[in-house]
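Participant: In numbering that gives the first Met the number 0, the protein residues as written are 0 to 148.
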Amino acid sequence: MKYALALLAALALNATANLLIKFGMRGMDLELNGSSPMENGILGLIKLLLRHWEVLAGLVCFGLNVVFYAYALQKLPISVAYPIMVTTGFAIIVTIAGWKLHEKLTLSQWIGVVTILIGVGLVAKDASRQMGSGNASPGDNTMQNSETK
């Protein structure tokens, strides 16, 4: 259970990181108004980043994401953990981007998002059975045995 919670934390941190960086870069782009971020040298770039703290907070979230994701991968199969993290994060980002950034998706794109989520749900459902929370076959208890040690 703690590995699944770590995966959820990694997922939330990853989505948050992407969104924070996007929000920060949007503000930075407006401030720069076409000029180069290096126009005032490295000190100018540092001051620019400090004014747009969202970018730095996003980078911190990415770092924390790696820590939680690595922890989750100690026991969760990557063939399950990665699709859950990426596609659920994708759905979160698409939803918030539409809401806060006014990005638009077509109906066929939304159908694609839902289809992807259904597919990942099926992958996760079968994986939970294999890991012992469902009807695992005798040969599928490798992960379960390693968790109880």
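Beta carbons: idealized from backbone N, C-alpha and C, even for Gly.
#1: Is there contact between the segment 65-85 and the segment 37-52, where contact requires at least three CB pairs shorter than 8 Å?
#2: Where do the ends of the alpha helix (DSSP H) carrying Lys1 lie?
#3: If you draw a straight line from the alpha carbon of His51 to that of Arg128, how long is it in whole angstroms?
#4: If you reduce the DSSP assignment to three classes, tell me which class Glu53 lands in.
#5: In the DSSP assignment, find the alpha helix (DSSP H) that holds Ser78 and state where it starts and stops.
#6: Would you say Met24 and Val59 are within 8 Å of each other, going by their C-beta atoms?
#7: Can you list, in chain order, the residues of its chain whose CB lies under 8 Å from that of Leu6, leaving out five sequence neighbours each side?
#8: Can you tell me whether Thr114 is buried or exposed? The criterion is at least 16 other CB atoms within 10 Å of its CB, across all chains shown.
#9: Once the 5 residues before and after Asn64 are set aside, which same chain residues still bring their CB inside 7 Å of it?
#10: According to DSSP, simplified to helix, strand and coil, what is Thr105?
#11: Thinking C-beta only, is Ile20 closer than 8 Å to Gly57?
#12: Mark Thr86 as exposed unless 16 or more other C-beta atoms lie within 10 angstroms of its C-beta, in which case mark it buried.
#13: By alpha-carbon positions, which one of His101, Leu121, Val93, Met27 ends up nearest to Trp109?
Facilitator: The structure says:
#1: no
#2: Counting from one through the sequence shown, the residue named residue 1 turns up at place 2. Looking at the DSSP string, the run of the alpha helix (DSSP H) that includes Lys1 is 1-31.
#3: What you label residue 51 is simply residue 52 of the sequence shown in a count that begins at 1. What you label residue 128 is simply residue 129 of the sequence shown in a count that begins at 1. Distance between the alpha carbons of His51 and Arg128 is about 45 Å.
#4: The count along the sequence shown starts at 1 and reaches residue 53 at position 54. DSSP places Glu53 in helix when its eight states are reduced to three.
#5: For the purposes of this step, residue 78 is taken as the residue at position 79 of the sequence shown. Counting along the chain, the alpha helix (DSSP H) containing Ser78 begins and ends at 77-99.
#6: Working through the sequence shown from its first residue, we reach residue 24 at position 25. Working through the sequence shown from its first residue, we reach residue 59 at position 60. In this structure, Met24 keeps its C-beta atom at 8 Å or more from the C-beta atom of Val59.
#7: What you label residue 6 is simply residue 7 of the sequence shown in a count that begins at 1. Excluding positions up to five away in sequence, the list reads Phe67, Tyr68, Ala71, Leu75, Ala80, Ile83, Met84.
#8: Residue 114 sits at position 115 when you count from the first residue of the sequence shown. The residue in question, Thr114, is exposed, as its Cβ has fewer than 16 Cβ neighbours within 10 Å.
#9: Position 65 of the sequence shown, counted from the start, is the residue given in the question as residue 64. Counting only Cβ-Cβ distances below 7 Å, and skipping sequence neighbours, we find Ala9, Leu12, Asn13, Ala16.
#10: The residue given as residue 105 occupies position 106 in the sequence shown. In the structure shown, Thr105 sits in coil (DSSP, three-state: anything other than H, G, I, E or B).
#11: Here residue 57 corresponds to residue number 58 of the sequence shown, with the count starting at 1. Here residue 20 corresponds to residue number 21 of the sequence shown, with the count starting at 1. A contact, by the Cβ cut-off of 8 Å.
#12: Reading the sequence shown from its first residue, position 87 is the one you call residue 86. Under this definition Thr86 is a buried residue.
#13: In the sequence shown, the residue the question calls residue 109 occupies position 110. The shortest Cα separation from Trp109 among His101, Leu121, Val93, Met27 belongs to Val93.
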